[in-house]
Structures are given as C-alpha cells and as structure tokens.
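As structure tokens, then:
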C-alpha cells in the first residue's frame, strides 16, 4: 500500500545560516499557511531533517535515547526514504518545544513504548519529501527531467552527473513542497534489516555524554539530605559541622529537605554526613510492609469501586462446577537506573540553562521555570543521553528537577545536584505494591463462567497532570485485568478497585500497570488449567481462539521449545502471553529445581510487533526485558521498617548477574500488522512464565513476589 502525504503536512523552514534545506514535520490537525521565499516558517514543526551545504545530514529526535535504540531507529526511517547511508546521519536530541509534541499523547514525551510507532509515518515523510525536492533541484540545475534522475547514498544521479545532497540543499530549500508517495514495504532497503546502533561507538569508547558527565565552569556540587520517612518536613537543622568540612560552601533548606553545596562531590558528601536535621514526622505514614500487606488483604475481601461489570456474578457462581479462589501480592519496586538522578543548572542574568536526562523535557523545563520565577523561554534545557529511564526519568511531578531548581533559588548559586544510588533507592519513586484477590467459577469443561477480581493499591497517575480528578479510575491499577482478552469470554465478571493514598511516592515503572496485572492474570490462567487438568498451552488456545496474534506468538514458543515433550526429573516449564503497546509476546521458561532452589535454564520468546524496523534492536530490547523482568521477579522488593525504606544499593536490591542469566532464544514474527512498541512489552509475561515453571517442577504455586520457595 502506498501512503500519500499532504502538502500541508510538510513545510520547509528555508535555508539556515550557511545555506541548506530544513524540513519540518507538521502536526496533521494543525492548519498552517505556507511561508514565502523571503520568510518561510512552519507553524508547528514536530521533528526536523536538516541538510547543509557541507553535505551534513542531521536528524533531530522528538524522543530521547535512554537505551531503547531510538537514536538509530528514527534515523533509519528517514534514511529509507531519503536514500542515504545511515552512517551519513548525525543525530541530536531536540530542545523543549511544542513542535516536538507526541503525535497521539499530549506533550513532548518519551513514554509508553510509542517512539517508533508515533513517528513511523512522519519521519519517513520527511525523508521522502526531502528526496523529491533534491531531485527537482538537481533536474533544474542539469536541465533534465526529474523522472530521469535517481538517488543513491546521498547523491542525485543523472547519467554521468552525480550531485551531493549538500550541494543541492540551498536550491532545494527554495522549491515548493511536493506531495510524495512513501515506498511500499517490498522496496525497503533499510527498514526491516538489522543495523548497527549509531550510538554504539561513543558508548563503548566512553565519549557519550550522560547527565552525570556534564561539567560546566562555575558550577558547584549539591547533595540533598532527604527525610528518612516520606511526608516528613524539616523542623530544624544545624549546619555547623557541615560548614566546617573543607570545600563546603553553603547549606540551604528546601521544601522537605536540606541541601549541602560544595566545591566537589566528596566535600558535599562529607558535609551531608555531619549535617544535623530534626524532622517533623507526619501523623499517618506507612510503618511496616507486613502491616501494609495485611491491610491490603483485608480490603481485598470487601467490595471495591467497579471498573468493569458484566452479567450477574451471583448467578454465574451458582452455575459453576468448581470455585477457585486465590490471592496475589506484588511489592514496591525501584527503577534502579544505572545512572543516578542528576541535574545541572547554570544561572545567568537573564535566565538559566539546564542539563538533565529526562523523558519529559518540556514538562521539566516549565517546572524549573516556575520555581525560578522565569518565563519558559528564559530556560534552556539540554537533554544528554539517559542512563536508563524505565519511567523514573518521566516524573509526572518533575521531582528531581524541581529539587535542583529549589536549591538554586535558595542559594543563588549555579549547581550540579547529584543523587547517590542510596538516595535513589531510599528517596523514591517506586512502582506501587498491589494485592489482587480473585474468585473464579469454572464450568464442567474447565473454563471460567464467573470471575470476580479485586485490586488494592496506589495508582501512579492520581494527583498528577495526567489525572487531576482523583475520582477518575486510575488505569495503571487495572489495565491488563480490565482489558484482558480472557474476560471477553466470561459471561459474568467484575473488576473492582480499592485505591490507596499514602505518603510513598510512586511513578510508572517499565510496562506500568501490566507489570503486576499480567503476573496475576497469567498465573490465574495456569491455576485454572491445573484445576481443570488441562495442558496450559492448550488451555490458553481455547481461551484465545479468536485472538490470532496471541495464538501466533503462543504457537511459536510452544513449537520451538518442544512444549509437551517429556522433561528430566526436577525440570519444569511455564508459559505466559501478553499484549500491550501494540505488540504481542509469549514466553516459555525452563528451570531446574535443586531442593528449594531453582536455576533458570532457558527462555524461549516470540514477539510480534507488526513491523520490526531494526530486528537487532528488537532482539536487544527483548533480551533486556527478560533480564529486567526476571530481576524484579526473583530479587525486586522495596520494603519498609518503622517507616523507612530498608534497601539502599545493589547489595540489598539485587540485579541479575551474568552467571544467573538464562540461555535466551528469540523469534520475531513479522505479521505486517500495525507497528507496535518494543521497549516495555517484553517485561510483564516473564514473571508468570517463571512462576508457572516453578509450579510445573515443584507443585508449589508462587502467588507472592519476589519468588520465595
């Protein structure tokens, strides 16, 4: 199928300083007026392609690179249609601005595994439009028909004539913007073929700049002493000893904390260690994890707020041949980014400049501007590489950027604020803990006819700009249950929610709500299969018979893993499936039991993301998701004792090590359907697949995470 772009979808901004062609992609629902040759200006550009006279091709990303590979994937889309080598492209992050807004989520955001799917058409159109304009410029210069020209590797070719894109860029910028046709998939040369990452070399040789690497002359270092119990306020503090530490320049109070400012990190750290603060503890606070767990369990036995209802539960359970009841628990989880949070702010007479790795550049810029009493235009925000995000650097309240701005406001100094790993573990934010309670009625053939599902926990969107009305159902608590395809075939069911408010700060965590709901749902499906004495794969096939993409990935992992064949003693296999972010994933996990311990031996994965733009990138993200998800399932847990977080670093919040990593087999299914996301879909289903394997090997059902046998 050929997609046509409208002329109003594109505008050239004209020759930039030094000459060249700048193309901007315009939001399709904004009506604009084309600029003239003397003052060509787009109304609302969203992403840019720039070609200069010295033959440099630059792509400005509307998304941020945090390990997911978008630094390569988006340029691939432009290179495909522009007809240039991927290696010819220089990539840069965009500054904050409405011109870089997401196509279907309000704001300038890198969230929800939507980077490629949101820009798939727009970036290709940018390349295709530029190519046509360059051909027209070459044809005019050579006095030939445009139809007699072709492009290859950054050149327009006609017979023996070969003109570089750079040499044509200024002339092309003066031409009218054409309507263009995008290449059909069968003509793709770059899309669908594995490409070397454009950021690989600089990340390997250490030249890549992350926020924590930023060094600005005249900037001091700041560390913050946070309250040991969330919701506490500073009652008083004594900075005498801190100020006596060599290098410490100032100690300032900010909302809810005290900051030490020094010449360097070490001095700030030593000053913070001797800082004395008296805290005002809130009247109500989460004291103990076991106490919280019991409170959640008690609530789960009572009726919650209905979020989805169908049929009549009472009559449904009356018809059931067997009743299954189960309770599940998942803990708070830290994001545990490899790069701790940091923010550098350099103040000047008329504004400030910020360097920080953020998934929401415009939100964070505007938050800093409010604190510093500046107009947003007076705040320049630079986005370096992000050393991991997983939702933590997409803070809905801009917490660490606000904190840095508060230090600048209180001190009048330019500062680089750094959180230590311990700060990040103990000062929040987290994936919420949840309790799920399910009562399921099974028919004679073993399939559910009634299903009551109750969820208790905090929502990550409540009291933020995403969900300003606290009465609204927070989808992060129920997505994956409410939208489960399994419930489609259950005539009588309800999904209820108890939303908890407490002082523990929470944020989306990689795969958001489905990080907990998929674990519960896929474990329950296994429980139903076991109660019905049915094979788990066959049982899912029966439940998902009208879901071809689910069946595609399920059948793939079943076949490749040799599902159904006899296993050695003490070995077990588990299966789980998932859909989200437009993609489908299935896992088979194989483990070996040794007493009360287990070893994860192999993982088979099938993923259908519609179109795999960079297959090697898809594979990398699935491998990443498997390790990330297994780390959370086996080790992940933030617990509270006397109101304080017990974990502090990777010593007691463990990561999966190479020696524990399984053998991984990944198959990418190219269904050709609408393109889906890939950064998060691999996370949710790995935990239930593991736990189902443990049950298969040992007969012990895992209903609480992290796994304890």
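Residue numbers (my numbering): -5 to 703. Here a beta-carbon is modelled for each residue, glycine too, at the ideal position from N, C-alpha and C. Predicted model, so just to flag it, every value in this text is computed and none were measured.
Within the same chain, no Cβ atom closer than 7 Å to the Cβ of residue 560 is found once the five residues on either side in sequence are excluded. In this structure residue 478 touches residue 515 by the C-beta definition: roughly 6 Å separates them, less than 8 Å. The C-beta distance from residue 568 to residue 678 rounds to 14 Å, too long to meet the 8 Å contact threshold.
In the displayed model, residue 622 falls within a helix according to three-state DSSP. Contact annotation, residue 384 with residue 59: C-beta distance approximately 14 Å; criterion of less than 8 Å not satisfied.
Of all alpha-carbon atoms in 97, 619, 242 and 277, the one lying nearest the alpha-carbon of residue 227 is that of 277. Per DSSP, reduced to three states, the secondary structure at residue 149 is strand.
Contact between residue 508 and residue 302 does not hold, since their C-beta atoms are separated by about 16 Å, which reaches or exceeds 8 Å. Excluding its 5 nearest sequence neighbours in each direction, residue 547 has C-beta neighbours in its own chain below 7 Å: 571, 578, 579, 580, 600, 601, 602 and 663, listed in chain order. Here residue 550 carries a helix assignment [DSSP, helix/strand/coil].
Nearest in C-alpha terms to residue 644, of all of 631, 323, 656 and 655, is 631.
Within the same chain, and ignoring the five residues on either side of residue 117 in sequence, the residues whose Cβ sits closer than 7 Å to its Cβ are 41, 68, 71 and 72. A direct Cα-Cα distance of roughly 7 Å separates residue 217 from residue 413. Per DSSP, the beta-bridge partners of residue 492 are 450. Contact between residue 616 and residue 660 holds, with the beta-carbon distance rounding to 5 Å and staying under 8 Å.
The C-alpha of residue 350 is placed about 8 Å away from the C-alpha of residue 206.
The bridge partners DSSP lists for residue 512 come to none. The alpha-carbon of residue 565 is positioned some 5 Å away from that of residue 691. Residue 552 is not a Cβ neighbour of residue 627, given a cutoff of 9 Å. Contact between residue 166 and residue 128 holds: CB atoms are separated by about 5 Å, below the 8 Å threshold.
Within the model, the alpha-carbon separation for residue 77 versus residue 222 is close to 56 Å. Contact annotation: residue 270 and residue 254 have beta-carbon atoms that are not nearer than 9 Å.
When DSSP states are grouped into helix, strand and coil, residue 253 belongs to the strand group.
With contacts defined by Cβ atoms closer than 9 Å, residue 502 and residue 425 form a contacting pair. Taken atom to atom, the span from the alpha-carbon of residue 321 to that of residue 640 is near 25 Å. Between residue 106 and residue 356, the C-beta spacing is not below 9 Å.
Following the DSSP letters along the chain, one finds residue 300 in no alpha helix (DSSP H) but inside the beta strand (DSSP E) bounded by residues 299 to 304. By the neighbour-count criterion, in which 16 or more other beta carbons inside 10 Å mark a residue as buried, residue 295 falls on the exposed side. Counting other Cβ atoms within 10 Å of its Cβ, residue 442 reaches 16 or more and is therefore classed as buried. Residue 332 is classed as exposed because its beta carbon has fewer than 16 other beta carbons within 10 Å across all chains shown.
When Cβ pairs closer than 8 Å are counted between the two stretches, the segment 312 to 327 is seen to touch the segment 432 to 439, the count reaching three or more. Secondary structure of residue 295 (DSSP, three-state): coil. Approximately 6 Å separates the beta-carbon atoms of residue 80 and residue 184; this is inside 8 Å, confirming the contact. Going by DSSP, residue 429 is part of the beta strand (DSSP E) stretching over 428 to 436. In the DSSP assignment, residue 567 falls within the beta strand (DSSP E) that extends over 565 to 574.
C-alpha of residue 391 to C-alpha of residue 359: approximately 12 Å in a straight line.
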